[in-house]
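Chains as they are written, first to last, in our numbering: chain Z, 1 to 290; chain Y, 291 to 580; chain H, 581 to 870; chain L, 871 to 1160.
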């Protein structure tokens, strides 16, 4: 088990009389991810509405802010008790056996044009043994062929564009890996969260995008960019792609400051709580319906 | 109320030993669309699994077919008792008031890149009075600026491409209209079905794509291409775009024949059953949660 | 006649041992644009090679710079004695009459996908009377439908993308106008230069992109973004699009500073030299072969 | 030397009163390609204008046809006496040494977005020894990663799209190979012609697209799709991409029939005329200025 403590601070200037925000910044509750404690502070007197998206389970907060400064600060401590599997035992589920909930993660989405990548995915990965190893081969291909570089991609960049430009950030790696999996009929989805353990040379802690792939009826964790050990991934939201998991969707005139994010791992040998490290096992935090 | 009778015949040659199919061809059950009778025939001895997608309510049928001919024939009679509204009374729902179920229909999707069309949508429609009239203005713009032409677009064509090429079929009209609505924060979704009453010069009856837009808490019907009276639209499936509502998704080596589709309207003055016609009212078949 | 005086200063840090540069910063010599004086300074001891591109007449300078600072400063005074025409007398040349040199300016190019815009151009402008007025209608459409905004487009942005995103800078306006002209079989080309007289609110003087369109056998000047009076446009280079007229093409590891550009208009009533102003006449600086 | 005899028959129905055509179907005259005899027949009494494009040397024929049937038939016998080189002796020319005529073949063009492929080209080919071998590696990569399939691409398909879709025809192979060469600063251009010796399984003889790459100051022949021995390539036109070398550009309402094309190789041992075969040498038919 790992225990991770993180905080997110979002700051805005609301320029209109009011502006509506939908936030998705709270740690997800899953079969394996438990919230030990959490705390939310908003500097305006507002009346946020909390709801959980059906399907994804994403925890949403909607609020209307007044003109002026809006600061939202969330912090949480979560325990993640991963389901650990031997990679060689994980199989791809035949389409005839897939649970209905999985289908939307087979379809192309805004930033994952799997419908355009079938030929490429078949050529590169079609001959590989189905299973965890093939998905890992896709992840390695993406990691090796895409250059980590900010400023090349933007909010509208999609997997097909990344395949051409061959550069981007974690979001772009995730979209490309997802699109390639779907092109092979392997359900894959986008996860947004915070990560512990990435190379600090890549810049200050930020939101992170990673991938969940359905194998043997469970969603397994992959860091498409290969920079973070999957043990260090906290889930906030999941969806078809980044379009479904924005940490903030804003309606109205607002200027935004860069998010401030911090994360720590807590070790406690007595309780069996370890530091996140790279490991050879496959890790999952949810079964197919979660 | 209208009563529509239709049949769909799909024929395939399965080239592999087996192939998996997911069909979405059964008429939807909604608050206003009732199935009077329906009948399904499959020429192979197979054991189809039926399930209803949560969220959309789409009625799915999964089956595994053997090598050889596969013919699926579905026919149904449906009654549609539209909720009729005065256009001038329908309002756009403020984001702060939108039900959680509506949000996914605000996000960009594979074929509706609303994230790229904000500027265009604001310029063309931003100054119009919000409400049904504005949505109708979007529909008219799409109808007038896009040329109905088959063979220009294909299965991967998206709204942004249609906005450039300015030609396409019903699916392309629908995608562009949806993308423009979402760019203005109006929830809009794709509906697949069969239509009665289109100009027969446009070719034989086929599957039809149209649009549902949320106004005043209900989903209102629009035929983006303007060829079919909304009263003549039968709903089969709804989703974010065509990627979610394919009438057949096929896994395996299969060659397909063109679908054979027929539709009739049944009039019965005694029961108040009328023929579908163009009318000035706004028509809805489902509230926001359906 | 107008007399314009301008200077361009380009500064680089060459990071490799050597780097190759191809500059196109010298004022063009055309039938109507005469160089009164010009001066070029390079801070490194290098041996630039000057050549004139056949076809375009662009004045190119190639040099190899050594590691360290490279500063290139060019200044010139040019007299432009425009050929002035009455707009209503200018006609579009029938394809059967076009000079061979004009054909490349009918073809689509990297950033001007006229082959994708035929339908749109025909719908919007096909019914207008051919001639200068139609070209002006295209320019006005582009000016009105595109929002001037930097940071939206980048070096790989093309006309089709600008038609979707509806925002960009002078380069994007020019590409879209060119593509629309070509889609109607009107030869159009990209011109790079410096402009006098733009609204200073748009920022400091910079390189400017504008459009030349062939009418009545001559190339007429249009500022696609509508911000500069055509009388204030100095030509440096022309080509199919921005890809042909980069002010600097660099081969090697180099970091660049923002160009420093200044321009003045000189009035001399005795010599008939006037200030550039908006005027109702059509202006040309070159016949079809130049 | 090879001797090739070919014929092209193009047939149209002119639907308007008149239509203008620009044909580029006559065999090019180059330093190595000599026209032994040629013959042109047009079924309408028209007065074609012949001209040679400066730069490319493409032989153009412009004519105005009347309503009704238009048939153009061209046949020629050409001798091609290739300049033969040892691959290992061919070098890439440093940018500082490139002749001015070569620069336009470094720039991105409509269907060859080399500006988007720099990262990909550097990753895949940047580490290879510059020279013929590297260009051959690019050709092999394209041949191996793209599937020959008609009906996937169309007239507006570009290299970046082919890199995503991974399928296309000779034109698409050529565009992708050219874009990758240019992304590495190797001048490359598109050639249209007729080919002898392709696998007849690929269908009846048709126009063919191939690639010329500048090495050691000459243009060397590559068949990007790898199906035709370069010895069997007849040049009709060259340009930046397919946009410059259409065999027919049509202005007016016209319906077209499929071209009828035939080709034969003539062997004459006494005159040293051999059959086109695959060979290990590099073949060129023009120096850098031709």
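Built from N, CA and C at the ideal position, the CB exists for glycine as well. Since this is a predicted model, take the numbers as computed values, not measurements.
- Message: Whole angstroms are fine: how far does the CA of residue 805 of chain H sit from the CA of residue 668 of chain H?
- Response: 22 Å
- Could you check what DSSP says for residue 611 of chain H in three-state terms: helix, strand or coil? coil
- Message: According to DSSP, is residue 173 of chain Z part of a helix, a strand, or is it coil?
- Response: helix
- Query: How would you list, in chain order, the residues of chain H whose beta-carbon sits under 8 Å from the beta-carbon of residue 453 of chain Y?
  - Reply: 743, 744
- Query: Mind pulling the chain Z residues with CB within less than 9 Å of residue 350 of chain Y?
  - Reply: 100, 103
- Does residue 1112 of chain L get closer than 7 Å to chain Z when you measure Cβ to Cβ? no
- Message: Rounded to whole angstroms, what is the Cα-Cα separation between residue 594 of chain H and residue 242 of chain Z?
- Response: 39 Å
- Would you list, in sequence order, the uninterrupted alpha helix (DSSP H) runs of no fewer than 4 residues that lie entirely inside the stretch 720 to 792 of chain H? 739 to 745, 750 to 763
- Residue burial classification, residue 982 of chain L (beta-carbon count within 10 angstroms, cutoff 16): buried
- Message: Between Y:468, Y:460, Y:469, which has its C-alpha nearest residue 484 of chain Y's C-alpha?
- Response: Y:460
- Message: To be precise: take each residue of the stretch 1011 to 1025 of chain L, compare its Cβ to all Cβ atoms of chain Z, and keep it if any distance is under 7 Å. Which residues remain?
- Response: 1015, 1017
- Extent of the continuous alpha helix (DSSP H) to which residue 995 of chain L belongs: 988 to 995
- Task: Would you mind sorting residue 633 of chain H into buried or exposed? The rule is 16 or more other CB atoms within 10 Å of its CB.
- Result: buried
- If the cut is a Cβ gap below 9 Å, which residues of chain Y does residue 697 of chain H touch? 454, 455, 456
- Chain-order list of residues whose beta-carbon lies under 7 Å from that of residue 934 of chain L (same chain, five-residue window excluded): 888, 890, 916
- Item | Sequence ranges, beta strand (DSSP E) only - wholly within the stretch 56 to 104 of chain Z, length at least 3 | 59 to 80, 83 to 85
- Taking three-plus beta-carbon pairs below 8 Å as touching, is the stretch 1036 to 1050 of chain L in contact with the stretch 964 to 983 of chain L? yes
- Task: Kindly indicate which three-state DSSP category residue 1143 of chain L falls into: helix, strand or coil?
- Result: strand
- Thinking just about the alpha-carbon of each residue, which of Z:107, Z:145, Z:36 is nearest to the one in residue 124 of chain Z? Z:145
- Item | Residue closest to residue 561 of chain Y, alpha-carbon to alpha-carbon, out of Y:351, Y:371, Y:380, Y:317 | Y:371
- Going along chain L, which residues have a C-beta under 8 Å from residue 160 of chain Z? 1034
- For residue 546 of chain Y, which residues does DSSP report across the bridge? Y:302
- Message: Quick check on residue 467 of chain Y - is its C-beta less than 7 Å from some C-beta in chain H?
- Response: no
- Message: Per DSSP, what are the beta-bridge partners of residue 1085 of chain L in this structure?
- Response: L:1088
- Query: What residues in its chain sit with their C-beta under 6 Å from that of residue 135 of chain Z, if we drop five residues either side in the sequence?
  - Reply: 213
- Task: Put residue 3 of chain Z into one of helix, strand or coil per three-state DSSP.
- Result: strand
- Query: On the premise that residue 35 of chain Z lies in contact with residue 29 of chain Z, defined as a C-beta separation below 8 Å, what is that separation, rounded to the nearest angstrom?
  - Reply: 6 Å
- Query: In angstroms, rounded to a whole number, what distance separates the CA positions of residue 944 of chain L and residue 648 of chain H?
  - Reply: 59 Å
- Within 10 angstroms of its Cβ, does residue 730 of chain H collect 16 or more other Cβ (buried), or is it exposed? exposed
- For residue 1102 of chain L, name the three-state secondary structure that DSSP assigns. helix
- Message: Let me check one thing: in DSSP terms, what residues is residue 631 of chain H bridge-paired to?
- Response: H:640
- Item | Residues sharing a beta bridge with residue 891 of chain L, DSSP | L:933, L:1120
- Message: I'd like to know whether the C-beta atoms of residue 1091 of chain L and residue 879 of chain L end up nearer to each other than 7 Å.
- Response: no
- Task: Find the nearest neighbour of residue 119 of chain Z within the set Z:181, Z:79, Z:78, judged by alpha-carbon distance.
- Result: Z:181
- Note down, in chain order, all residues in the stretch 43 to 73 of chain Z with a beta-carbon under 9 Å from any beta-carbon belonging to chain Y. 49, 51, 52, 53, 54, 55, 60, 62, 63, 64
- Query: Alpha carbon to alpha carbon, what distance is there between residue 974 of chain L and residue 200 of chain Z?
  - Reply: 43 Å
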